[in-house]
Amino acid sequence: MYTYDYLIIGTGLYGATFAHFATKEGKKCLIIDKRNHKGGNIFCKNIEGINVHKYGAHIFHTNDQRIWNFVNSFSSFNRYTNSPLAISKGKLYNLPFNMNTFHQLWGVITPQEAIEKLMSQTSDYEHIKTPKNLEEQALKLVGKDVYETLIKEYTEKQWGKKGSELPAFIIKRLPIRYTYDNNYFSDKYQGIPNEGYNQIINKLLKGIEVQLNTDYFKNIDHFSNNCAKIVFTGAIDEYFNYKFGKLEYRSLVFENKLLEQENFQGNAVVNYIDKVIPYTRIIEHKHFEFGTQKQSVITYEYPTEWSEGKEPYYPVNDTKNTSIYKKYETLAHNEVNTIFGGRLAEYKYYDMHQVIASAFNTLKNHFHKDFLKDYENYSSNSNIQ
Ligand code: FAD
Ligand code: UDP
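If you're matching positions, the sequence shown starts at 3 in this note's numbering and goes up one per residue.
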């Protein structure tokens with residue numbers, strides 16, 4: 003007899019969501035994490051009353067009413083709207099690419115002027131029917147000036163690769179608008195949890211046994227003997243002992259500074275495009291919550307090469323890695339007692355809402371019950387946690 007029905011490896015959003023609903027279904031769960039805290043990459047550290055996003059800025063956004071209701075059942079959200087700024091060659095631009103950006107670049111004022119300018123910039127790339135890489139996609143969408151001023155160097159710095167070596171879909175994360183709207187996301191719902199991301203994880207995991215500082219790979223036999231099924235949210239290539247070779251990831255180094263100053267940069271996110279500057283962004287955390295503290299905490303985000311032992315923050319979904327991943331995916335399908343889920347185990351450039359959607363999808367297949375349906379008619383007075 004097993005002590006636990008499920009061992010869940012990883013206390014991030016995927017693992018915590020799965021553990022929560024499996025427990026509600028009467029299953030006994032143990033959830034572990036090799037880090038010394040819960041929450042995976044959405045973990046925040048409170049410094050001088052400011053929620054510091056320890057693993058980079060996390061802004062929740064979704065178009066799915068039920069996912070929005072789901073997260074709101076654990077914490078109310080403020081209406082923070084992400085509007086990053088970008089500094090390129092000493093000049094400040096608004097993001098995403100919108101009328102403000104076009105005005106700053108070309109002095110155009112009306113949408114018609116911007117469309118005409120953009121068409122003149124993209125006409126050379128009209129022949130590209132299906133862009134093969136990020137560079138082709140960007141040139142086709144926004145043309146040479148935007149690419150060279152706001153994309154090329156940032157992208158090379160972020161990924162350590164040329165735009166021509168990266169998948170096209172990455173640049174499609176950013177909207178293009180002919181309105182003066184600096185909202186980085188086009189989703190209907192967006193915000194930062196008023197009670198903090200940690201609260202959401204704590205509530206999801208209420209009453210569930212958690213073991214921190216525990217690496218699954220250091221004690222596989224012990225866990226196999228005690229747990230009937232496994233939910234794995236770590237790196238899929240590591241799970242299979244790199245049998246088909248290592249997948250590529252991009253890592254980051256975060257450098258935090260506590261400042262005796264109320265307002266450092268006047269905005270939560272400022273991107274630094276130029277390659278000579280080693281970091282891609284500076285985050286000023288208090289602005290996510292409209293903080294009024296006397297001090298401020300800022301974080302410099304430095305992209306770095308990934309190697310074993312470093313945190314694998316981003317999958318690199320190019321052709322080479324996709325074909326390696328497909329092999330691991332086939333192995334994963336045959337691993338009947340293990341579920342693979344989340345950004346690392348599915349090797350997908352997921353945002354938070356997509357991780358939740360994936361967990362709900364698995365839960366539905368597993369328990370033959372659509373848990374997300376419960377959140378169709380949720381209101382803040384409902385009590386369905
Ligand atoms: P994770 O949060 O990575 O959790 C996996 C956990 O598994 C980790 O805690 C890890 O320690 C643990 N683990 C791994 N291997 C083992 C092992 N062998 N033994 C024990 N434990 C193990 N999304 C948005 O929606 N909005 C944003 O603004 C946003 N910004 C981001 C900024 C950055 C810099 C990054 C890197 C990501 C961002 N994301 C954002 C994406 C978001 O972080 C992820 O979609 C989400 O947190 C992934 O959840 P997860 O549970 O799949 O994985
Ligand atoms: N990007 C860019 N310039 C910017 C911001 C983003 O060229 O100022 C490109 C870059 O290739 C980046 C991608 O758009 O990797 C996606 O950006 P996003 O902000 O979604 O990345 P994340 O927050 O996931 O790091």
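Ideal placement from N, C-alpha and C gives every residue a C-beta, glycine not left out.
Predicted, not measured: the structure shown is a model, and the values here were computed from it.
By DSSP, does Ile49 sit in helix, in strand, or in coil? strand
Is it true that the CB of Gly92 sits closer than 8 Å to the CB of Leu120? no
Which partner residues does Val255 have in the DSSP bridge list? Tyr304
Report the rounded CA-to-CA distance for Lys26 versus Lys208, giving the unit in angstroms. 11 Å
Under the three-state reduction of DSSP, which class applies to Gly193: helix, strand or coil? strand
Would DSSP call Asp7 helix, strand or coil? strand
Could you check the C-alpha separation between Phe104 and Asp189 for me, to the nearest Å? 22 Å
Option in Pro86, Lys36, Asp239 and Lys371 with minimal Cα separation from Ile326: Asp239
Let's see if you can read the secondary structure: which residues bound the alpha helix (DSSP H) around Tyr199? Tyr199 to Leu206
Can you tell me which residues form a DSSP beta bridge with Ser389? Residue 389 lies beyond the residue range present for the chain, which begins at 3 and ends at 387; the question has no answer from this structure.
Throw me the rounded Cβ distance for the Leu305 and Gly162 pair, which I believe falls under 8 Å. Reading off the sequence, residue 305 comes out as Pro, not Leu. Right, the Cβ-Cβ distance comes to about 7 Å (below 8 Å), so this counts as a contact.
When DSSP labels each residue in this structure, what does Ala359 get in the three-state scheme? helix
Test item: CB-CB of Phe246 and Tyr330 under 8 Å: yes
With respect to the alpha helix (DSSP H) encompassing Phe234, which residues constitute its N-terminal and C-terminal limits? It is not in any alpha helix (DSSP H) - Phe234 instead sits in the beta strand (DSSP E) that spans Cys229 to Phe234.
Which residues in the same chain have their Cβ closer than 6 Å to the Cβ of Tyr16, if we skip the five residues on either side of it in sequence? Thr235, Gly343, Gly344, Val357 and Ala361
For Arg175, does the count of other Cβ atoms within 10 angstroms reach 16, so buried, or fall short, so exposed? exposed
What are the start and end residues of the beta strand (DSSP E) that includes Glu211? Glu211 to Gln213
Could you give the residue range of the beta strand (DSSP E) that holds Arg283? Arg283 to Glu286
Candidates Gly28, Gly42, Tyr180 and Asn65: closest to Ile11 by CA position: Gly42
Who does Phe99 pair with in a DSSP beta bridge? Ile178
For a quick check, are the C-beta atoms of Glu257 and Thr301 less than 8 Å apart? yes
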